[in-house]
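In order, the protein sequences belong to chains U and S.
Position one of the first sequence corresponds to residue 43 (the numbering used here), numbered consecutively onward.
Position one of the second sequence corresponds to residue 18 (the numbering used here), numbered consecutively onward.
We put the beta carbon where it would ideally sit given N, CA and C, even for glycine.
Written below as structure tokens is the structure these notes are about.
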Amino acid sequence: MTQPRLAFAYWLAPCALFGALLAAVPKPASGADDPREWLQRMNKALATRNYDGTFFHISGGRVETMRIVHRVRSGRVSERLQSLDGSGREFVRANGELTCYLPDQRTVLVEPRQDRGPFLGTLPQFDSTVKDFYRIEALPPTHILGRPAKVIAVNPKDQFRFGYRLWLDETTAMPLKTQLCDSRGQVIEQIFFARLDMPENIPDSDLAPTVHTDGMRWVRQGPSQDNASSALAAYRASQLPPGFRLTVQGAQTLGDASTPASHLVYSDGLATVSVFVEEQKASAPGEAAAADSQPQAPMQGLARVGSGYAFSTVVQGHQVTAVGEVPAQTVEFIAHSVKLYSSDEIPRH
Amino acid sequence: MSEQIREQVSAFLDGELPDSETELLLKRLTRDGELRESFGRYALIGEALRGGGSQILTRGFASRVSLAIDGEPVQAAGREHTARPARWWRPLAGVTVAAGVATVAIVALQQRAISPSVNPAAPNTAQMAQNSALPLRASAGTQSPVRGGGAPREALSYTVPAASADAPSAIAPARLTNYIFAHSKYSSGLGQRGMLADLLIEDDEPQLIPITRSAQPPPPAPDARVAP
């Protein structure tokens with residue numbers, strides 16, 4: 043009777059010792075606790091899992107309640123983001139289109155959209171370039187929504203970009219709380235999940251818009267195009283904040299404009315800034331600017347857009363606008379540095 | 018906000034509220050706009066206390082403050098790129114905050130700080146790197162960060178720059194929306210979420226409020242500001 047128990051105890055002891063040794067050995071950088079590994083798990087969860095959650099979007103003392111529904115079925119992503127606080131606005135992505143219902147503006151915006159990152163956003167893969175401009179670290183773990191959570195900080199190394207703090211559910215790697223921070227670590231915007239379910243199945247009805255579209259104006263944003271006019275396509279940023287480089291160059295029809303704008307995308311690997319170069323001409327006196335879809339009146343100035351900024355200025359007779367989830371000085375810097383190149387001098391970066 | 022709800026909110030922000038109570042709090046928040054505002058302020062204060070820092074104004078809050086003061090939305094003003102940026106706010110008379118934390122909450126509103134080095138007409142990368150290592154001039158000169166809740170008195174004062182008559186048009190909201198949509202296609206970062214979420218948010222005032230700076234920024238001297 044006692045013999046088997048003893049044997050078990052003998053077997054157990056070395057196992058326990060081995061376990062203790064394992065715990066004491068420092069984990070390799072690529073181990074399960076590497077913060078970058080956790081960020082990749084988060085990306086994967088956001089893009090591939092089904093989830094239905096309600097979260098608070100808190101920005102400068104203003105709180106909005108939103109619901110996100112994300113479904114992946116047979117490789118197809120459907121997604122719905124809905125404001126629960128009164129504006130009634132909803133974004134629905136399905137079948138390669140993003141539809142934005144803006145009932146308070148009596149408008150529906152539709153745009154062809156590939157199934158790129160989820161509405162909740164992901165972080166790109168971290169390569170060596172990103173490491174030069176951001177410091178990624180694990181902070182002490184904590185509990186959130188009653189669940190154990192890993193805390194990861196992505197700190198910018200200068201003031202040309204924002205950073206993040208992420209509280210990731212230890213089981214699913216879903217971000218239960220995220221903060222957007224400036225280079226001094228001060229919080230600009232945060233998201234708290236109040237409820238997050240990850241159901242096996244999500245019915246179509248949970249992804250259908252709740253907005254009644256009777257009498258609303260439908261606006262279809264034109265598809266991306268390969269080419270803008272050669273004059274527009276010869277504009278480039280002549281100087282960039284450290285780490286930013288040209289990643290995409292193409293053309294984009296904005297709203298119901300008659301001619302496409304040149305669209306340049308600059309990125310440091312994590313933050314992204316778009317530069318749009320458009321035809322620009324002052325409206326004739328007495329002519330309503332709105333009546334003329336394009337060219338339009340010149341614009342100048344900085345605007346806050348959510349967690350990012352837009353800055354617009356006129357360069358050699360063309361309207362140049364930089365937009366991105368970056369500090370104001372970054373969009374200003376880039377927009378101001380844009381200039382027209384002769385065809386044999388256009389920089390490739 | 019009742020004591021009980023305040024405790025709930027505090028526990029929620031610390032991640033210590035049980036799920037059952039969280040569900041109740043969420044329901045209450047969804048129904049009750051006033052509670053939501055209190056909650057927002059509480060979150061802001063909590064961050065200021067925890068992070069020991071301040072929080073950038075957002076347009077919604079800023080415009081409400083401006084409305085409360087002037088009865089009119091923030092206006093575009095002329096800008097000059099060489100000028101030190103200035104976005105100043107008059108005393109936040111319209112903002113009520115729970116007693117005892119009022120000081121921190123108001124300090125938490127900071128003017129945006131933009132390094133004068135951002136004009137790319139002159140700088141080189143080395144100069145930029147040097148500048149980026151320095152504390153931002155505006156904040157260093159006019160506002161100390163909150164440390165341990167000790168709020169500098171002078172930070173309570175803000176003024177609004179006068180709108181210039183010949184101000185160029187700011188970015189039209191409809192066009193801004195187009196830019197954001199077009200941009201968000203290429204932005205897979207978490208920042209995209211912030212921008213899209215912003216488009217979901219209803220604002221009491223024009224959808225996107227231009228932030229501009231005055232051609233002649235108000236001097237940062239304490240006597241240039243109005244006491245609250």
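Element boundaries [alpha helix (DSSP H), containing residue i]
i         : result
Gln21(S)  : Glu20 to Leu30
Leu193(S) : Pro190 to Ser201
Thr372(U) : Ala370 to Ser379
Phe274(U) : According to the sequence provided, residue 274(U) is Leu. The question's Phe does not apply to it. Taken as a continuous stretch (DSSP letters only), the alpha helix (DSSP H) holding Leu274(U) covers Ser272 to Ala275.
Reduced DSSP category for residue i - H, G, I as helix; E, B as strand; rest coil
i         : result
Pro217(U) : strand
Asn85(U)  : helix
Ala191(U) : strand
Asp239(U) : strand
Arg287(U) : strand
Glu40(S)  : helix
Leu382(U) : strand
Ser354(U) : strand
Glu54(S)  : helix
Glu79(U)  : helix
Arg122(U) : strand
Thr149(U) : strand
Leu282(U) : coil
Arg135(U) : strand
Thr90(U)  : helix
Leu249(U) : helix
Leu46(S)  : helix
Thr75(S)  : Note on Thr75(S): pLDDT 34, under 50, position unreliable in the model; the coordinate value appears next. DSSP places Thr75(S) in coil when its eight states are reduced to three.
First and last residue of the uninterrupted beta strand (DSSP E) at residue i
i         : result
Leu144(U) : Glu139 to Leu144
Val172(U) : Segment Ser170 to Phe175 is the alpha helix (DSSP H) holding Val172(U); no beta strand (DSSP E) there.
His305(U) : Ala303 to Ser309
Arg262(U) : Arg259 to Arg262
Thr107(U) : Arg104 to Arg115
Thr96(U)  : Tyr93 to Ser101
Thr314(U) : Thr314 to Glu321
Leu296(U) : Unbroken run through Leu296(U): none, as it is neither H nor E.
Asp211(U) : Gly205 to Asp211
Ala364(U) : His360 to Gly366
Val347(U) : Gly343 to Val347
Beta carbon of residue i nearer than 8 Å to that of residue j
i         : j         : result
Arg259(U) : Thr149(U) : yes
Tyr351(U) : Val368(U) : yes
Val319(U) : Ser309(U) : no
Val307(U) : Thr289(U) : yes
Asp246(U) : Asp94(U)  : no
Asp256(U) : Val111(U) : no
Arg135(U) : Leu144(U) : no
Glu231(U) : Ser316(U) : no
Val261(U) : Leu151(U) : yes
Phe175(U) : Gly343(U) : no
Val365(U) : His200(S) : yes
Ala275(U) : Phe204(U) : no
Phe198(S) : Glu321(U) : no
Arg109(U) : Thr96(U)  : yes
Arg104(U) : Gly57(S)  : yes
Phe202(U) : Gln371(U) : yes
Arg237(U) : His391(U) : no
Thr214(U) : Ala377(U) : no
Glu121(U) : Phe161(U) : yes
Leu126(U) : Thr47(S)  : yes
Gln281(U) : Ser379(U) : yes
I want to know whether the segment 194-208 of chain U touches the segment 80-94 of chain U - three or more CB-CB distances under 8 Å.
With three or more CB-CB distances shorter than 8 Å, the segment 194-208 of chain U counts as touching the segment 80-94 of chain U.
Three or more beta-carbon pairs under 8 Å between the segment 188-198 of chain S and the segment 130-139 of chain U, yes or no?
The segment 188-198 of chain S vs the segment 130-139 of chain U: no contact.
On the three-pair Cβ rule with 8 Å, is the segment 217-226 of chain U touching the segment 183-193 of chain U?
The segment 217-226 of chain U and the segment 183-193 of chain U touch, with no fewer than 3 CB-CB distances between them shorter than 8 Å.
Under 8 Å, with one C-beta from each stretch per pair, do the segment 20-40 of chain S and the segment 180-188 of chain U reach the 3-pair mark?
Of all C-beta pairs linking the segment 20-40 of chain S to the segment 180-188 of chain U, three or more are shorter than 8 Å, placing the two stretches in contact.
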